[in-house]
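Numbering (our numbering), first residue to last: 329 to 420. Heads up, the beta-carbon is just placed ideally off N, CA and C, and yes, glycines get one too. It should be emphasised that the depicted structure is a prediction, and the values quoted were computed from it without experimental measurement.
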């Protein structure tokens, strides 16, 4: 069965129009659902309380471990250099 060029073009145009309308409908549904079910803006986080140096070591038993790991991470790949911790702050 042979189709004429006009039939092929008509079918193609009709199919593309149907696909376009379906996609347009999906876009409208997504926009409407976003308006109704959209997430509210999150509340800002409270400002963290800072605990420094010796007080931190007394309140948190893992603070020294964290400091040693931070030193090891900083000195990785830097042979011959020395590192010193100047300040430690815990951000809650």
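Query                                                                                                                      : Result
Entirely within the region 345-416 and at least 4 residues each: give me those alpha helix (DSSP H) ranges in chain order. : 381-387 and 391-403
Can you give me the C-alpha to C-alpha distance between residue 356 and residue 339, rounded to a whole angstrom?          : 26 angstroms
Do residue 391 and residue 416 count as a contact pair if the criterion is CB distance below 8 angstroms?                  : yes
Specify the secondary structure class of residue 343 as computed by DSSP and reduced to three states.                      : helix
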